[in-house]
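K.L.:
Pasting a structure here, questions to come.
Protein chains: 2
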Amino acid sequence: MQKFLAIDAGGTSTRAVLVDPAGYCHGYGTAGGGNPVSRGFGPALDALVQASTLALGGRPAAIEGVLVAMAGASLELPLHLFQAGFKPLGLAGNVMIETDLLAMFYSGSCHDEGLALIAGTGAVGARIAGSQLAAVADGTGWLLGDKGSGFWLGREIAQAVAAALDGRGKATALTELVLAELGIAWEPHARTQGRLRAQQQLISRVYEQSPIELSRFTPLVFTVQEDDVARDIIERAANALAKTLLAVSLGVESDGAARIAARPLVFGGSVLTKGSTVAQAVVDTLTANNSEPGSGINTAITPILVDDGVAGSAVLVLKRHGIDVDAGVFSRIQDSLAALRS
Amino acid sequence: MQKFLAIDAGGTSTRAVLVDPAGYCHGYGTAGGGNPVSRGFGPALDALVQASTLALGGRPAAIEGVLVAMAGASLELPLHLFQAGFKPLGLAGNVMIETDLLAMFYSGSCHDEGLALIAGTGAVGARIAGSQLAAVADGTGWLLGDKGSGFWLGREIAQAVAAALDGRGKATALTELVLAELGIAWEPHARTQGRLRAQQQLISRVYEQSPIELSRFTPLVFTVQEDDVARDIIERAANALAKTLLAVSLGVESDGAARIAARPLVFGGSVLTKGSTVAQAVVDTLTANNSEPGSGINTAITPILVDDGVAGSAVLVLKRHGIDVDAGVFSRIQDSLAALRS
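The listed protein sequences correspond, in order, to chains A and B. For the first sequence, position 6 (counting from the first letter as 1) is numbered 6 according to my numbering, and the numbering increases by one without interruption. Numbering-wise, my numbering comes out as the position in the second sequence, counting from 1, plus 1000.
Listed below in structure tokens is the structure:
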């Protein structure tokens, strides 16, 4: 029987699955970061091969094709080196690269048209049409955007605490949590040169570490949702993510929420899938913004939540080899993969 | 006659002036960055000595004392090394370090109570009381705040353009300006993987350079002030700066704008002093926010603009040596320094 390798190569971890044309998954393996942009080409390829070897149970097998889903798939990658790396595993066919966004979408749907919104460390929205990316919004990184992402939330939290400490912003329950997270004693009256010592220490600690570390504060905001400042941050994240989704849904017939409700909508990334607060707030924002409230169009928006892009990579590797992935194949991929991962 | 050296040590340039107790400035010199935090101790001290040597006309003189104004003055600095560095110039007394904020304030006023708002690359507000920093707000750096600063403006501009390019934000005249600044061709229809090629290039260029480089876009916003997006960015900068000033003015009797109008207010930094747009918008915001419109208190807010902290360093070195800096001494410092610098 034909077999394919489908790989979801992330910045910190890589997942590989061996799948057949009927959708049955025969093996699953994981390894470290497999993205050449963040890891370098050699270590990234090693991770892909390592996860694949585990998925093969350590034995080479006749593999028709390999599909690797990764961010930055538009970069020109030396495909022949991928090819050479997979040869010892039994690869007879080709290696193809697809974007992680497409793989995330197909983890939630086997349709070739739809929308995806991902908010993990970064944040990005995509419209899929004809099994390709038709429109992408945000995903512009931590300096230019990624609004509503884990990094964005963490930075907003840190900024809100910095502002609360010198009176520019409202007092917030986040202050105590952030200071505790950094091991800073909270002395409300200790000042040096006109500045609260706690604020001076917050500044020192934040600039000692790399900017991306601000993401560590993100979980804190969900523990104090009754706090005004925390609620405001969550609402602004949801608004930004809703705007990202609306931006990619332009060009689809009908307006606003109706436009989104009409297609499969996949949500991925920890901000949208761990806990329902942000996902629900995005759906509420979209529903409230529906520009045709009296149109009679059913605008119930029900996102499909996905953990990662490995199931979608399996869907993609079959589709790209001309195999029809219908609802039956799709559910076999989901079920057999879940069994392997449990 | 007694002589003192007053030095304003910035991150990229250093200014030194030789001043006597009557306020007459006898020599002036400049050098490169003199901040030990950003330059390292050795190069910073070299810059201080170099600017001072120029101020002395190359000849050692009997110097009663040296005052160095710099950011990060609260850091524990090896004063004995400063002392040793200035000895060959003729220093008989001590070297003392003060914060650049205090020096900026005294460049605009000889009073010992007042407010300062600085918006250059960073942004910070301070209340001065009893010739010391009584309260400081913001100045928390590019990740935590510095709202309304040159960096903040540049980042907002870049983010607005990134959002305009994928439909999350309004179209703006800034797009063409930012793309031209980066040498990116503006092809409104060229897409790769669902993304406008111009946006992909914007992303690549921005992450190739260090974050602080985003400040280069700041001047662009003032060239298209009739643009909605540009106007919104300027207004948000002014609101943030007004909030910073209001935060430090708490604790002074009376409310809002009246509280600020009652004391000397010094504005410094390129964002507030090069062009009047932001400074005027801050004053307008403060005046509009006056919480006692019917109180009959005169709330006219008239900021004093200063270029740097060198005049203030001269004021400070005299004050710290027990010399009364009255209006006469203060205007002599201003006038004789201006003559030396022209």
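All residues carry an ideal CB built from backbone N, CA and C; glycine is no exception.
Check whether chain B comes within 8 Å of Ala173 (chain A), counting only Cβ atoms and requiring the distance to be less than that.
P.N.:
If you number the first sequence from 1, residue 173 (chain A) lands on position 173. So, not an interface residue.
K.L.:
Report yes if the C-beta distance between Gly194 (chain A) and Ala1119 (chain B) is below 8 Å; otherwise report no.
P.N.:
Against the first sequence, residue 194 (chain A) aligns to sequence position 194. Against the second sequence, residue 1119 (chain B) aligns to sequence position 119. Result no, Cβ atoms of Gly194 (chain A) and Ala1119 (chain B) do not sit closer than 8 Å.
K.L.:
May I ask you to report which of helix, strand or coil DSSP gives His1189 (chain B)?
P.N.:
Locating residue 1189 (chain B) in the second sequence gives position 189, counting from the first residue. Three-state result, His1189 (chain B): coil.
K.L.:
In the DSSP assignment, what residue or residues form a beta bridge with Phe1330 (chain B)?
P.N.:
Position 330 of the second sequence, counted from the start, is the residue given in the question as residue 1330 (chain B). None, per the DSSP bridge assignment.
K.L.:
Looking at C-alpha atoms only, which residue of B:Ala1314, B:Leu1196 and B:Val1037 is the closest neighbour of His1026 (chain B)?
P.N.:
The count along the second sequence starts at 1 and reaches residue 1026 (chain B) at position 26. Nearest of B:Ala1314, B:Leu1196 and B:Val1037 to His1026 (chain B), Cα basis: B:Ala1314.
K.L.:
Looking at the C-beta of Lys243 (chain A), does it have a partner C-beta in chain B at a distance below 8 Å?
P.N.:
Here residue 243 (chain A) is taken as the residue at index 243 of the first sequence, counted from 1. Lys243 (chain A) counts as touching chain B.
K.L.:
Measure the alpha-carbon distance for Glu1253 (chain B) versus Gly1130 (chain B) and round it to whole angstroms.
P.N.:
Translated into positions along the second sequence, residue 1253 (chain B) becomes position 253. Translated into positions along the second sequence, residue 1130 (chain B) becomes position 130. Low local confidence applies: a pLDDT of 49 at Glu1253 (chain B) is under 50, so the model's placement there is unreliable, with the coordinate-based value given in what follows. One C-alpha to the other measures close to 16 Å.
K.L.:
Confirm, please, whether the CB-CB distance from Leu1143 (chain B) to Arg155 (chain A) is below 8 Å.
P.N.:
Translated into the one-based positions of the first sequence, residue 155 (chain A) becomes position 155. Translated into the one-based positions of the second sequence, residue 1143 (chain B) becomes position 143. Yes, the pair counts as a contact, with Cβ atoms nearer than the cut-off.
K.L.:
Suppose the cutoff is 7 Å on Cβ atoms and the five residues either side in sequence are ignored; what does the same chain contact list for Ala61 (chain A) look like?
P.N.:
Position 61 of the first sequence, counted from the start, is the residue given in the question as residue 61 (chain A). Answer for Ala61 (chain A): Lys3 and Gly90, listed in chain order.
K.L.:
Since Tyr28 (chain A) is in the beta strand (DSSP E), which residue starts that stretch and which ends it?
P.N.:
Within the first sequence, numbered from 1, the residue matching residue 28 (chain A) stands at position 28. Unbroken beta strand (DSSP E) run through Tyr28 (chain A): Cys25 to Gly32.
K.L.:
Distance, Cα to Cα, Lys319 (chain A) vs Ser336 (chain A)?
P.N.:
Indexing the first sequence from 1 puts residue 319 (chain A) at position 319. Indexing the first sequence from 1 puts residue 336 (chain A) at position 336. Near 18 Å, if we compare the C-alpha coordinates of Ser336 (chain A) and Lys319 (chain A).
K.L.:
Let me check understanding here. Comparing Cα to Cα, which of A:Ala47, A:Gly23 and A:Leu67 lies closest to Gly34 (chain A)?
P.N.:
The residue labelled residue 34 (chain A) in the question sits at position 34 within the first sequence. Minimum Cα distance to Gly34 (chain A) is reached at A:Ala47.
K.L.:
Is the shortest distance between the beta-carbon of Arg141 (chain A) and the beta-carbons of chain B less than 8 Å?
P.N.:
As a position in the first sequence, residue 141 (chain A) is number 141, starting the count at 1. Looking at the sequence itself, residue 141 (chain A) is Gly, so the reference to Arg does not match. Taking Cβ atoms only, chain B reaches closer than 8 Å to Gly141 (chain A), which makes this a yes.
K.L.:
By Cβ distance below 6 Å, which residues in the same chain neighbour Ala969 (chain B) in space, the five residues on each side in sequence not counted?
P.N.:
Here chain B covers residues 1001 to 1342 and nothing more, so residue 969 (chain B) does not appear.
K.L.:
The segment 1205 to 1222 of chain B: which residues have C-beta closer than 8 Å to a C-beta of chain A, in chain order?
P.N.:
Against chain A - using a Cβ distance shorter than 8 Å - the residues of the segment 1205 to 1222 of chain B are Val1206, Tyr1207, Pro1211 and Leu1214.
K.L.:
Considering only C-alpha positions, which residue in the set A:Val68, A:Tyr28, A:Val224 and A:Glu213 is nearest to Gly85 (chain A)?
P.N.:
Residue mapping note: residue 85 (chain A) aligns to position 85 of the first sequence, counting from 1. The candidate whose alpha carbon is nearest that of Gly85 (chain A) is A:Val68.
K.L.:
Are the C-beta of Val178 (chain A) and some C-beta of chain B separated by less than 8 Å?
P.N.:
Taking the first sequence and counting its residues from 1, the one referred to as residue 178 (chain A) is at position 178. It does not; no Cβ of chain B falls within 8 Å.
K.L.:
Taking Leu45 (chain A) as part of the alpha helix (DSSP H), name the residues at either end of that continuous run.
P.N.:
Taking the first sequence and counting its residues from 1, one reaches residue 45 (chain A) at position 45. Per DSSP, Leu45 (chain A) belongs to the alpha helix (DSSP H) from Phe41 to Ala55.
K.L.:
Please name the residue or residues paired with Thr1014 (chain B) in a DSSP beta bridge.
P.N.:
As a position in the second sequence, residue 1014 (chain B) is number 14, starting the count at 1. Answer by DSSP bridge pairing, in chain order: B:Ala1009 and B:Ala1031.
K.L.:
Could you give the DSSP three-state label for Leu1143 (chain B): helix, strand or coil?
P.N.:
On the second sequence, residue 1143 (chain B) is found 143 positions in, with the first residue counted as 1. If DSSP states are grouped into helix, strand and coil, Leu1143 (chain B) belongs with the helices.
K.L.:
Determine the contact status of Tyr24 (chain A) and Val17 (chain A), defining contact as a CB-CB distance below 8 Å.
P.N.:
As a first step, residue 24 (chain A) is located in the first sequence; it is residue number 24 there, counting from the start. As a first step, residue 17 (chain A) is located in the first sequence; it is residue number 17 there, counting from the start. Taking 8 Å as the Cβ cut-off, Tyr24 (chain A) and Val17 (chain A) do not qualify as a contacting pair.
K.L.:
So Val266 (chain A) and Ile304 (chain A) are in contact, right, with Cβ under 8 Å, and what is the actual spacing, rounded?
P.N.:
Within the first sequence, numbered from 1, the residue matching residue 266 (chain A) stands at position 266. Within the first sequence, numbered from 1, the residue matching residue 304 (chain A) stands at position 304. Sure, about 5 Å apart at Cβ, within 8 Å.
K.L.:
Relative to the C-alpha of Asp100 (chain A), which residue among A:Val178, A:Asp8 and A:His189 is closest?
P.N.:
The residue you call residue 100 (chain A) lines up with position 100 of the first sequence. The shortest C-alpha separation from Asp100 (chain A) is found at A:Asp8.
K.L.:
Taking only beta carbons into account, state which residues of the segment 120 to 136 of chain A come closer than 8 Å to chain B, listed in chain order.
P.N.:
Here the close residues are Ala126, Arg127, Gln132, Leu133, Ala134, Ala135 and Val136.
K.L.:
So for Arg320 (chain A), helix, strand or coil by DSSP?
P.N.:
Taking the first residue of the first sequence as 1, we reach residue 320 (chain A) at position 320. Reduced to three states, the DSSP call for Arg320 (chain A) is helix.
K.L.:
In the DSSP assignment, find the unbroken alpha helix (DSSP H) run with Gln1201 (chain B) in it and report its ends.
P.N.:
Here residue 1201 (chain B) corresponds to residue number 201 of the second sequence, with the count starting at 1. Segment Arg1197 to Glu1208, the alpha helix (DSSP H) holding Gln1201 (chain B).
K.L.:
Among B:Ile1260, B:Thr1277 and B:Leu1077, whose alpha-carbon lies nearest the alpha-carbon of Gly1114 (chain B)?
P.N.:
Translated into the one-based positions of the second sequence, residue 1114 (chain B) becomes position 114. With distances taken between Cα atoms, Gly1114 (chain B) lies closest to B:Ile1260.
K.L.:
To the nearest whole angstrom, what separates the beta carbons of Tyr107 (chain A) and Gly269 (chain A), a pair I think is in contact under 8 Å?
P.N.:
Here residue 107 (chain A) is taken as the residue at index 107 of the first sequence, counted from 1. Here residue 269 (chain A) is taken as the residue at index 269 of the first sequence, counted from 1. According to the sequence displayed, residue 107 (chain A) carries Ser and not Tyr. About 12 Å; that fails the 8 Å criterion.
K.L.:
Keeping to the same chain, check which residues put their C-beta closer than 8 Å to that of Thr12 (chain A); ignore five residues upstream and five downstream.
P.N.:
Position 12 of the first sequence, counted from the start, is the residue given in the question as residue 12 (chain A). Excluding positions up to five away in sequence, the list reads Gly32 and Gly33.
K.L.:
Going by DSSP, what residues sit across from Gly65 (chain A) in a beta bridge?
P.N.:
To locate residue 65 (chain A), count along the first sequence from 1; it is residue 65. DSSP lists A:Phe4 and A:Asn94 as partners of Gly65 (chain A).
K.L.:
Gln159 (chain A) touches chain B at which residues, Cβ-Cβ below 9 Å?
P.N.:
Working through the first sequence from its first residue, we reach residue 159 (chain A) at position 159. Neighbours of Gln159 (chain A) on chain B, chain order: Thr1140, Leu1143, Leu1144, Gly1145 and Lys1147.
K.L.:
So what's Thr1287 (chain B) in DSSP terms, helix, strand or just coil?
P.N.:
Counted from its first residue, the second sequence places residue 1287 (chain B) at position 287. Looking at Thr1287 (chain B) - three-state DSSP - the assignment turns out to be helix.
K.L.:
Restricting to Cα atoms, I'd like to know which of B:Ile1157, B:Ile1128, B:Asp1307 and B:Thr1140 is closest to Asp1112 (chain B).
P.N.:
Here residue 1112 (chain B) is taken as the residue at index 112 of the second sequence, counted from 1. Answer by Cα proximity: B:Ile1128.
K.L.:
Give the residues of chain A in contact with Thr1099 (chain B), contact being defined as C-beta atoms less than 8 Å apart.
P.N.:
Here residue 1099 (chain B) is taken as the residue at index 99 of the second sequence, counted from 1. Those are Gln193, listed as they occur along chain A.
K.L.:
Using CA atoms only, rank isn't needed, just tell me which of A:Val95, A:Asn94, A:Met96 and A:Leu117 is closest to Phe105 (chain A).
P.N.:
To locate residue 105 (chain A), count along the first sequence from 1; it is residue 105. The candidate whose alpha carbon is nearest that of Phe105 (chain A) is A:Leu117.
K.L.:
Going straight from the alpha carbon of Asp1284 (chain B) to that of Ala1198 (chain B), what length do you get?
P.N.:
Locating residue 1284 (chain B) in the second sequence gives position 284, where the first residue counts as 1. Locating residue 1198 (chain B) in the second sequence gives position 198, where the first residue counts as 1. The straight-line gap from Cα to Cα measures roughly 37 Å.
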